[in-house]
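Just below is one structure, and these are the notes that go with it.
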Amino acid sequence: MKDREQPGFATRILGAMHLVPAEVPSEPASIPIFQSAGFSFDSLEAFDAAVEGDATSFVYSRAGNPTVDTLERIIAELEHGEAARAFASGMAAIHAALAACLKAGDHVVAPDRLYGGTYAILTGLFRSFGVECTFAPVGNIESWKSALRPNTRVVWAETITNPTLEVTDLPRLASIAHEAGARLLVDSTLTTPYLACPLDHGADLVVHSATKYLGGHGDLLGGLVVGGELDMVPVRRTLFQTGGNMAPFVAWLLLRGLETLPLRMDRHSQSAETLVAFLSNQPGVRAVHYPTLASGPDLQLRERMLPSGCGGLLSFEVKDDETARKVINRLQRFRRAGSLGDVHSLAMMPALASHRQVDAETRESMGISRGFIRLSVGLEDPEDLMDDLRQALNLD
Ligand SMILES: Cc1ncc(COP(=O)(O)O)c(C=O)c1O
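So in our numbering, the last spot in the sequence shown is 675, and the numbers never skip.
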């Protein structure tokens, strides 16, 4: 007969939680992963109190998880914000930031050169929900004023545009937006808080694809929204209602990636500058795009906005589509891949990846010519990357 003094075999396994040390006297070398969907309480009253507003307790990981929360606090601090929320991808973060600020009948002003996924969600999902968007020339901030309407609620910007690498005058955009009663939302994926903090320049919310430089190793998908406590309330609500949360393990990978962010960003920026100088002197290269190539007022803007480097993304243009394909197919060190911000160097035609959802005519108007190549410069020795580009461009 079964000994009823002891719980059953399965019950003992499922009750193992009581064996977890409540407190560990020494500090772990790495931030623990709380791989848990929910959290349990000693009483219903304690559960209820936690749901109702004890900000330090965790109830259900869609509302908050200790590992993800650690990441959110660090990012909020680095971005000079008060709060942050972590998402399953950059697009989930972009969706939540826009959804938190918009309702049917509202209007958005966005740059005419921007990441293709953002263009697609503004002209697709949000338009279908009754939100209109006007695209304004990124280099002519005054013209943004005439794009504003009484119902403009969001002005969208990228700190550096993807893939044309123009620096946005965020302080001027912030004052134009605020005068019109709109919020300035900034996608700062290409710069990370190491190179620029848009909240310091007047932005209300900052958005990141953490998939890129913040994670840095091409092994995760993630997104972040950062802002002041009040501005983050509807972002939190949107995340809780739509559930595009970052998983605890992903947050852990990101926390680990962040530890080397300054080192990586310095190296990305330095190597990109080396390759920009090289490409600028190649006969087959018709144009090179990188913020350090700006002149006049654009140069002053770049120096003000990005005093310590411009990151690892650069673009260049060759004669036509066929030549661009040949060059990319000949590369041996650059991987042919669609992302950016990875430790590995990546090469791609935006027309085939980041701007695939954008029709050919709009792509041209965004400055993405048929021979447009985007490079994400990784952490390899820059001389090897230069040799690789040299042999790939030597098409005769
Ligand atoms: C500037 C920018 N923002 C947002 C995204 C979307 O990020 P994710 O791919 O993590 O959804 C990307 C992706 O390439 C991007 O380049």
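Ideal Cβ placement from N, Cα and C applies to all residues, glycine included.
### Query
For the alpha helix (DSSP H) that contains GLU582, what are its first and last residues?
What you label residue 582 is simply residue 303 of the sequence shown in a count that begins at 1. Start and end: 576 to 584.
### Message
With distance defined between alpha-carbon atoms, name the residue in TYR398, GLU306, THR471, GLU302 nearest to LEU533.
### Response
Mapped onto the sequence shown, residue 533 falls at position 254. Ranking TYR398, GLU306, THR471, GLU302 by CA distance to the CA of LEU533 puts THR471 first.
### Query
If you draw a straight line from the alpha carbon of LEU672 to that of VAL606, how long is it in whole angstroms?
Within the sequence shown, numbered from 1, the residue matching residue 672 stands at position 393. Within the sequence shown, numbered from 1, the residue matching residue 606 stands at position 327. The straight-line gap from Cα to Cα measures roughly 6 Å.
#### Entry: Sequence-distant residues of its chain with Cβ nearer than 7 Å to THR402 (five each side left out)
The residue labelled residue 402 in the question sits at position 123 within the sequence shown. Once the five neighbours on either side are set aside, the close Cβ partners of THR402 are CYS412.
### Task
Taking ALA630 and PHE613 to be in contact with their CB atoms under 8 Å, please state how far apart those CB atoms are, rounded to whole angstroms.
For the purposes of this step, residue 630 is taken as the residue at position 351 of the sequence shown. For the purposes of this step, residue 613 is taken as the residue at position 334 of the sequence shown. Wrong, their Cβ atoms sit about 17 Å apart, outside the cutoff.
### Message
Going by beta-carbon coordinates alone, are SER454 and GLY418 separated by less than 8 Å?
### Response
Numbered from 1 along the sequence shown, position 175 holds the residue referred to as residue 454. Numbered from 1 along the sequence shown, position 139 holds the residue referred to as residue 418. Taking 8 Å as the cut-off, the Cβ atoms of SER454 and GLY418 do not count as close.
### Message
Among the candidates PRO442, ASN441, ASP391, whose CA atom is the shortest distance from the CA of TRP423?
### Response
The count along the sequence shown starts at 1 and reaches residue 423 at position 144. The alpha carbon of TRP423 has as its nearest neighbour, out of PRO442, ASN441, ASP391, the alpha carbon of ASP391.
### Query
Among residues of its own chain, excluding the 5 on either side of HIS359, which ones have a beta-carbon nearer than 8 Å to its beta-carbon?
For the purposes of this step, residue 359 is taken as residue 80 along the sequence shown, with counting starting at 1. If we look at HIS359 and ignore the five residues flanking it on each side, its Cβ neighbours are PRO472, CYS476, LEU478, ASP479.
### Query
The beta strand (DSSP E) with GLY678 in it runs from where to where?
Because residue 678 is not part of the residues shown, which for the chain are 280 to 675, the question remains open.
### Task
Work out the CA separation of PRO286 and HIS487 for me, nearest whole Å.
Working through the sequence shown from its first residue, we reach residue 487 at position 208. Working through the sequence shown from its first residue, we reach residue 286 at position 7. Each residue's Cα considered, the two are about 49 Å apart.
### Query
DSSP state of GLU331, grouped into three classes?
As a first step, residue 331 must be located in the sequence shown, where it is residue number 52. In this structure, GLU331 counts as helix in the three-state DSSP scheme.
### Message
Quick check: what's the CA-CA separation for SER319 versus LEU493?
### Response
To locate residue 319, count along the sequence shown from 1; it is residue 40. To locate residue 493, count along the sequence shown from 1; it is residue 214. Straight-line spacing of the CA atoms in SER319 and LEU493 works out to 32 Å.
### Query
Pairing CB atoms from the region 515 to 530 with CB atoms from the region 491 to 507, are three or more of them under 8 Å?
At 8 Å Cβ cutoff, the stretches touch.
### Task
With hydrogens ignored, establish whether the beta-carbon of LEU478 is closer than 7 Å to any heavy atom of ligand 1.
The residue given as residue 478 occupies position 199 in the sequence shown. Annotation for LEU478 indicates a beta carbon at 7 Å or more from all heavy atoms of ligand 1.
### Message
What residue range does the beta strand (DSSP E) around ALA592 cover?
### Response
On the sequence shown, residue 592 is found 313 positions in, with the first residue counted as 1. Sequence inspection shows Leu at residue 592; the Ala mentioned does not correspond to that position. 592 to 596 is the span of the beta strand (DSSP E), which, as asked, contains LEU592.
### Query
When you compare only the Cα positions, how much space is there between ARG451 and PHE326?
The residue given as residue 451 occupies position 172 in the sequence shown. The residue given as residue 326 occupies position 47 in the sequence shown. Approximately 47 Å, taken between the alpha carbons.
### Query
DSSP on CYS589, reduced to helix/strand/coil?
Reading the sequence shown from its first residue, position 310 is the one you call residue 589. For CYS589, the three-state secondary structure derived from DSSP is coil.
### Task
Would you tell me roughly how many angstroms separate the C-alpha atoms of MET634 and ALA573, rounded to the nearest one?
Taking the sequence shown and counting its residues from 1, one reaches residue 634 at position 355. Taking the sequence shown and counting its residues from 1, one reaches residue 573 at position 294. For clarity, residue 634 is His in the given sequence; the question names Met instead. Looking at the backbone, the Cα of HIS634 and that of ALA573 are separated by about 24 Å.
### Task
In angstroms with no decimal places, state the Cα-to-Cα distance between LEU381 and ALA367.
By 1-based counting over the sequence shown, the position of residue 381 is 102. By 1-based counting over the sequence shown, the position of residue 367 is 88. Approximately 21 Å, taken between the alpha carbons.
### Query
Is the closest heavy atom of ligand 1 to the C-beta of SER368 under 7 Å?
Taking the first residue of the sequence shown as position 1, residue 368 is located at position 89. At least one heavy atom of ligand 1 sits closer than 7 Å to the Cβ of SER368.
### Message
Would you call the region 590 to 601 in contact with the region 651 to 663, where contact means no fewer than 3 C-beta pairs closer than 8 Å?
### Response
Touching, per the Cβ criterion.
### Task
Starting from ALA378, follow the alpha helix (DSSP H) in both directions and report where the run begins and ends.
Here the question's residue 378 lines up with position 99 in the sequence shown. Counting along the chain, the unbroken alpha helix (DSSP H) around ALA378 starts and ends at 369 to 380.
#### Entry: Rounded distance between the beta-carbons of ALA371 and LEU464, thought under 8 Å
For this step, residue 464 is matched to residue 185 along the sequence shown. For this step, residue 371 is matched to residue 92 along the sequence shown. Here LEU464 is actually not in contact with ALA371; their C-beta atoms are around 15 Å apart, not less than 8 Å.
### Query
At which residues does the beta strand (DSSP E) containing SER655 begin and terminate?
Within the sequence shown, residue 655 is the residue found at index 376, counting from 1. Counting along the chain, SER655 sits inside the beta strand (DSSP E) bounded by residues 651 to 655.
### Task
Answer with buried or exposed for VAL330, where buried requires no fewer than 16 other C-beta atoms within 10 angstroms of its C-beta.
Here residue 330 refers to the residue found at position 51 of the sequence shown. That one is exposed.
#### Entry: Closer than 7 Å: ASN441 CB and nearest ligand 1 heavy atom
Translated into the one-based positions of the sequence shown, residue 441 becomes position 162. Yes, ligand 1 has a heavy atom inside 7 Å of this Cβ.
### Task
Answer yes or no: the CB of GLU437 versus the heavy atoms of ligand 1, is any distance below 7 Å?
As a working mapping, residue 437 is identified with position 158 in the sequence shown. At least one heavy atom of ligand 1 is nearer than 7 Å to the Cβ of GLU437, so yes.
### Task
For ARG515, I'd like the list of residues in its chain whose CB is within less than 7 Å of its CB, leaving aside the five on either flank, ordered along the chain.
If you number the sequence shown from 1, residue 515 lands on position 236. Residues ARG364 of the same chain have their beta carbon placed closer than 7 Å to that of ARG515, with the five preceding and five following residues left out of the count.
### Message
So LEU668 and TYR569 are supposed to be a Cβ contact under 8 Å. How far apart are they, rounded?
### Response
In the sequence shown, residue 668 corresponds to position 389, counting from 1. In the sequence shown, residue 569 corresponds to position 290, counting from 1. By a beta-carbon distance limit of 8 Å, LEU668 does not contact TYR569. Their separation comes to about 14 Å.
### Task
State yes or no: is the C-beta of ILE222 nearer than 7 Å to some heavy atom of ligand 1?
In the structure as shown, the chain begins at 280 and stops at 675. Residue 222 is therefore absent and cannot be evaluated.
### Message
For PRO661 and THR553, I'd like the C-alpha separation in whole angstroms.
### Response
Counting from one through the sequence shown, the residue named residue 661 turns up at place 382. Counting from one through the sequence shown, the residue named residue 553 turns up at place 274. If you draw a straight line from the Cα of PRO661 to the Cα of THR553, it comes to about 7 Å.
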